[in-house]
Amino acid sequence: MIGYTCKYTPAELLRAFGGDPVLLDGEEADFELAESLTHANLCCHAKALIQQGSRTDALIMMDCCDSLRRSYDVLSLDSRHTFLKLMDLPHENGQCARERFKQELLRLAAAYGGSRGTDFSRDAFLVACRESSQPLPNEPFLAVLGARVSPPLLDLIQKQLALPVVNLTCSGNRNLEAPPQDAENMDFDQLMDWYSGALLRMIPCMRMTSVAGRKELTNHPQLKGIVYNTVKFCDFYSFDYAALKRETAIPILKIESDYMPQPSGQLSTRLEAFSESLLPERSHRRTPMNKTTERAASLYAGIDSGSTTTNMVVINEKKEILASAIVRTGAKAQNGAKAALEEVCRQLSVQPEAFAAIMATGYGRSNIPFATDTKTEITCHARGAFFLNPAIRTIVDIGGQDSKVICLDENGAVTNFIMNDKCAAGTGRFLEMMARTLELDMDQMSRQGLTWKKDLTISSMCTVFAESEVISLIADNHTDSDIIHGLNKSIAAKTASMVSRAKGTGPYMMTGGVARNKGVVQALEARLGENLYITDAPDLCGAIGAALFALEES
Amino acid sequence: MKRYIETLGGIIEKQTAASPEHTRELLEAAYSWVRFSGKHSHGKDVRSAYKYINGAVAGTIVDSFRHPKESVMVNIFFPCELLHAMKIQPMFPEGISAYVACTACQRVFAEAAEAADVPESFCSYHKTMLGVAEAGVMPAPLMIANTTLACDANQLSFRRLAEFYQVPHTVIDIPHANDEEAVHYVADQLRALTPQLEELCRRRLDPQVLRETVACSKRTIEFCREYLKKRGGVSLPATMTGELCTLISNHVMLGRPESERYMQRMLRAVEAAPAALPGKKRIFWMHILPNWQDSMKDILEASGRCELVGTDIAADSLPDMDPDHPYESMARRVVESMCNGPAGRRIDMVLHYAKAAGADGVIVFCHWGCKQTLGLSQLAKQRLEAEGLPTLVLDGDGCDARNVADGQMVTRVNAFLEQLEGLHA
Chain V
1420 MIGYTCKYTP AELLRAFGGD PVLLDGEEAD FELAESLTHA NLCCHAKALI QQGSRTDALI
1480 MMDCCDSLRR SYDVLSLDSR HTFLKLMDLP HENGQCARER FKQELLRLAA AYGGSRGTDF
1540 SRDAFLVACR ESSQPLPNEP FLAVLGARVS PPLLDLIQKQ LALPVVNLTC SGNRNLEAPP
1600 QDAENMDFDQ LMDWYSGALL RMIPCMRMTS VAGRKELTNH PQLKGIVYNT VKFCDFYSFD
1660 YAALKRETAI PILKIESDYM PQPSGQLSTR LEAFSESLLP ERSHRRTPMN KTTERAASLY
1720 AGIDSGSTTT NMVVINEKKE ILASAIVRTG AKAQNGAKAA LEEVCRQLSV QPEAFAAIMA
1780 TGYGRSNIPF ATDTKTEITC HARGAFFLNP AIRTIVDIGG QDSKVICLDE NGAVTNFIMN
1840 DKCAAGTGRF LEMMARTLEL DMDQMSRQGL TWKKDLTISS MCTVFAESEV ISLIADNHTD
1900 SDIIHGLNKS IAAKTASMVS RAKGTGPYMM TGGVARNKGV VQALEARLGE NLYITDAPDL
1960 CGAIGAALFA LEES
Chain A
36 MKRYIETLGG IIEKQTAASP EHTRELLEAA YSWVRFSGKH SHGKDVRSAY KYINGAVAGT
96 IVDSFRHPKE SVMVNIFFPC ELLHAMKIQP MFPEGISAYV ACTACQRVFA EAAEAADVPE
156 SFCSYHKTML GVAEAGVMPA PLMIANTTLA CDANQLSFRR LAEFYQVPHT VIDIPHANDE
216 EAVHYVADQL RALTPQLEEL CRRRLDPQVL RETVACSKRT IEFCREYLKK RGGVSLPATM
276 TGELCTLISN HVMLGRPESE RYMQRMLRAV EAAPAALPGK KRIFWMHILP NWQDSMKDIL
336 EASGRCELVG TDIAADSLPD MDPDHPYESM ARRVVESMCN GPAGRRIDMV LHYAKAAGAD
396 GVIVFCHWGC KQTLGLSQLA KQRLEAEGLP TLVLDGDGCD ARNVADGQMV TRVNAFLEQL
456 EGLHA
């Protein structure tokens, strides 16, 4: 086999010499080797490739991006490869570029044929060219677009979504045009002349100068939704996503991956919520996990299992809130859920069997044994917010480990949402860490953030860097209040940026535990230029939405 | 950073969203003052020369803001002799990002770009320039022309800016290979750009003026080579801003008389400089410099413990320019840049320059988002140390304080100096 990584790789030419090109796209458990040879902030696919390339005898790479150029530089120091080549890939598709690329193909043919001791097989080449075309489905489908996606991640996406999923990422949409009819009669030079043009005419990836041809990916009439993948430290596809978001009405979910095994919780939440928003009538109804046979008809509950607290709300058929509980989640989601259930049962003097339906939401929703169904917190927050105040168009939810922005239409349906990635900046955890550094509790953080005198700015986005900045400010004798105000502004800036990316508009509602922090609220209101609607119990919005779904869907 | 600059930056940050035109006026006023100050800097020392070229660069920014329809937006590696010969102003937004960072108002633009889906991991120079443009501060140029060198960010930022401004856009594709075929490939693209420029600015390129412009570049490069030859034996009070201005002078400003005059002054300054001071560690810097960062200035410019003796990208390509073959000369300069091709070429050049400058150690600056430099940092460290040059790989950001752990950087650079002092004690 010969490993390759870019769709512009002349795989058909390699097969014509008896080669077996294999796409190197796997995940790695860690990047210890790659980071020791390069840098932690190199594109995660490039780091995975360095590690996989160092275990591969033969490898062909394209001059496709800065990270892969440097990956080649690193791999070329490894003398174990029997074949290793970097091809110069033009950014253009003009006549001069095609001629340059043809010369590269001729050089590759000489080098690869020489290394294998095989001759070019015209038949194998033409068969390979004809086989490389993969037509899109004629039934409704979803596409994964953007940067390459690892097989385990693609598998997870396919399992979570209700429609067939097609991989149209930068390494997955390799549609080579069919060879010309007289290809059998062309000499090798003429064949390479055609092949050079055919490769450069494929639907372009984002490193090419003209990307107009990418519209073909999203113009298919059966395309019903897009999961847009970006790879950590690969910048190309965030730009494509920004343009696509402006230009298409097709629903899009943006995710970020890093070529390491994904923690499935948050990603599953996003995919499920996306699926719910695409096909509400066919949303992921789960088989009740522990449906009791004899339930009373009057009580419906929603339980929101978050990273810090588990919140539960009970309503009746008139949608009146009868009881609620907010308890610490603790180490296991089911323990927190059990405590919340016991608390509402105590308030209502009923047994757990009294509930007609219990809808679970939040990151721990799948681990609540007494829930009758699950729904993501995105959909539940939207439902809860619309119930509490139908005027709301954007929800800002800042919880312990997640921050989210959810946009609603006039009917309360989710039109867009975004969540923070694997980063604590802008979440409740960030505030908790900073409170620990300042040796304050969260109530003190909330109060003292309002009495600032000096308008300090915490410039670091990273939680770890911000902590060291706070330590420096403490050493410089700045007051706690001024430092807290700087931290509040930092969270507000991060959140306002998310609102802007989601194209959120007022009126705004803030939910989640951080909505209790008056300093953060004030800083966010200043950034958004508008007051936030906050209920007396901002933690309960998701649970209220879940309870409403329990009532409506039971 | 001086208090009045912080005050100006604060005003700009607060009112940019509401009034980008006012921000542009404030920046123009500030950079006009830098230009005025540079014009009247007549001293023979190196700091006066820096002040002079800083003024010339700031003046070019002001002119491109005031006359955007006489300006073409370019990246820093674009060979601009064509523009100079046609009296077109280069508008170079990467340089504008560096100036904005030194005006203490970069944050508002970087945040605006991120809010518009520019990834956080993207090069901060490009992120900032997108923010400056999309906030409405940087006016729409006549057209945009960029090379694919030196990094992928060009392909993304300038395409986005062309869509934002709705102006014509040309990309000069620079092959990875460094050979005559590549030189002709690039020269042909530059030749094809000429009629496009003529049509847009409605005047003809005079071939004789182009030859004279390339002849000016040739003289400047020769002065620069001579300066570098003599730099090794002397001590100069170099600054990070000065090195960055040299970078701009040797790229977008090359072919202009100010650039030639500057290198001539630098050559005179180096000829008059005292011999290298024993005990003062000589640091060669790889990649761009965080000249906004006071803590780094304190160490590198004011501590008296060390001296910056050079920067690789300020002299990444100093080929023989032939005025009779202007297009090939411009193309050769880009193709032969050490930033093009494999990492080994750049590391070889760094080794050559660092040794010629009498460096005691090298700092490889890993600018946030620069995959080229991040990717070669460990290769450079291994190779340079094998050649007897202690090397520090330093993470930081050339213009965005949000990506910097200042205290960590200070500790690392000081520890590196202590290491060098220990070695040469």
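So the sequences go chain by chain: V and A. Numbered continuously in our numbering, the first sequence closes out at residue 1973. Numbered continuously in our numbering, the second sequence closes out at residue 460. Cβ atoms here follow ideal geometry from the backbone N, Cα and C, with glycine treated the same way.
Cβ atoms of residue j and residue i: under 8 Å apart, would you say?
{"i": "H322/A", "j": "I348/A", "result": "yes"}
{"i": "V269/A", "j": "A308/A", "result": "yes"}
{"i": "E24/A", "j": "M275/A", "result": "The structure shown does not extend to residue 24/A, since chain A is modelled only from 36 through 460, so no value can be given for it."}
{"i": "A148/A", "j": "G166/A", "result": "yes"}
{"i": "M1917/V", "j": "L1951/V", "result": "no"}
{"i": "A93/A", "j": "Y66/A", "result": "yes"}
{"i": "V1889/V", "j": "T1856/V", "result": "yes"}
{"i": "T1588/V", "j": "L1619/V", "result": "no"}
{"i": "L312/A", "j": "Y262/A", "result": "no"}
{"i": "Y1678/V", "j": "V1650/V", "result": "yes"}
{"i": "H1974/V", "j": "C401/A", "result": "Outside the displayed span of chain V (1420 to 1973) sits residue 1974/V, for which this structure offers no information."}
{"i": "L1859/V", "j": "G1905/V", "result": "no"}
{"i": "D1901/V", "j": "K1872/V", "result": "yes"}
{"i": "G366/A", "j": "V221/A", "result": "Inspection of the sequence shows that residue 366/A is occupied by Ala rather than by Gly. Cβ distance < 8 Å, so A366/A and V221/A count as in contact."}
{"i": "G1755/V", "j": "S1724/V", "result": "yes"}
{"i": "L1580/V", "j": "L1690/V", "result": "yes"}
{"i": "L235/A", "j": "L117/A", "result": "no"}
{"i": "S1743/V", "j": "A1911/V", "result": "no"}
{"i": "D364/A", "j": "V287/A", "result": "Residue 364/A is actually Ser in this sequence, not Asp. Result no, Cβ atoms of S364/A and V287/A do not sit closer than 8 Å."}
{"i": "V11/A", "j": "A273/A", "result": "Beyond the ends of chain A as shown, which are 36 and 460, falls residue 11/A; an answer cannot be given."}
With DSSP as the reference, label residue i as helix, strand or coil.
{"i": "L1478/V", "result": "strand"}
{"i": "G1975/V", "result": "This structure leaves residue 1975/V out entirely; chain V is present only between 1420 and 1973."}
{"i": "V107/A", "result": "strand"}
{"i": "W1613/V", "result": "helix"}
{"i": "L1618/V", "result": "helix"}
{"i": "P1440/V", "result": "strand"}
{"i": "P468/A", "result": "This structure does not reach residue 468/A, given that chain A is present from 36 up to 460, and the question cannot be answered."}
{"i": "Y1678/V", "result": "coil"}
{"i": "V221/A", "result": "helix"}
{"i": "N89/A", "result": "helix"}
{"i": "F1502/V", "result": "strand"}
{"i": "M275/A", "result": "helix"}
{"i": "L240/A", "result": "coil"}
{"i": "A53/A", "result": "coil"}
Could you confirm whether any beta carbon from chain C is found closer than 8 Å to the beta carbon of residue i?
{"i": "A1756/V", "result": "Protein chains in the displayed structure are V and A, and chain C is not among them."}
On the criterion of 16 or more Cβ atoms from any shown chain inside 10 Å, does residue i qualify as buried, or is it exposed?
{"i": "E1713/V", "result": "Any reading at E1713/V is ruled out, since the residue's pLDDT is 43, under 50, leaving its predicted position unreliable."}
{"i": "D441/A", "result": "buried"}
{"i": "N1907/V", "result": "buried"}
{"i": "G1536/V", "result": "exposed"}
{"i": "E1700/V", "result": "A caution first: E1700/V carries a pLDDT of 49, below 50, which makes its placement in the model too unreliable to give a value."}
{"i": "G1847/V", "result": "buried"}
{"i": "Y1491/V", "result": "buried"}
{"i": "H77/A", "result": "exposed"}
{"i": "M1420/V", "result": "exposed"}
Taking 7 Å as the cut-off, is the beta-carbon of residue i closer than that to any non-hydrogen atom of the ligand FAD?
{"i": "V206/A", "result": "Inclusion of the ligand FAD in the displayed structure is not the case, the ligand content being empty and no account of it being possible."}
- Query: What runs of the beta strand (DSSP E), each 3 residues or longer, lie entirely inside the stretch 1844 to 1916 of chain V?
  - Reply: none
- Query: Enumerated in chain order, which unbroken segments of the beta strand (DSSP E) with a length of 3 residues or greater are wholly contained in the stretch 1760 to 1789 of chain V?
  - Reply: 1774 to 1780
- Query: Looking at C-beta atoms only, is the number of pairs between the stretch 171 to 190 of chain A and the stretch 399 to 411 of chain A that lie closer than 8 Å three or more?
  - Reply: yes
- Message: Does the contact criterion of 3 or more C-beta pairs under 8 Å hold for the stretch 131 to 143 of chain A versus the stretch 72 to 86 of chain A?
- Response: no
- Tell me the start and end of each unbroken alpha helix (DSSP H) in the stretch 347 to 372 of chain A that is at least 4 residues and wholly inside, in chain order. 361 to 370
- Query: Which whole runs of the alpha helix (DSSP H) in the stretch 372 to 456 of chain A are 4 residues long or more, in chain order?
  - Reply: 378 to 391 and 406 to 421
- Message: With three or more C-beta pairs closer than 8 Å as the rule, is the stretch 208 to 218 of chain A touching the stretch 1510 to 1525 of chain V?
- Response: yes
- Within the chosen definition, does the stretch 1505 to 1514 of chain V reach the stretch 1530 to 1549 of chain V through at least 3 CB pairs nearer than 8 Å? With a cut-off of 8 Å on Cβ pairs, the stretch 1505 to 1514 of chain V is not in contact with the stretch 1530 to 1549 of chain V, counting fewer than three such pairs.
- Task: Would you list, in sequence order, the uninterrupted alpha helix (DSSP H) runs of no fewer than 4 residues that lie entirely inside the stretch 1784 to 1822 of chain V?
- Result: 1796 to 1807
- Query: Does the stretch 1816 to 1827 of chain V come within contact of the stretch 1929 to 1945 of chain V, defined as at least 3 CB pairs closer than 8 Å?
  - Reply: yes
- Query: Is it a yes or a no for the stretch 213 to 230 of chain A touching the stretch 190 to 197 of chain A, going by three-plus beta-carbon pairs under 8 Å?
  - Reply: no
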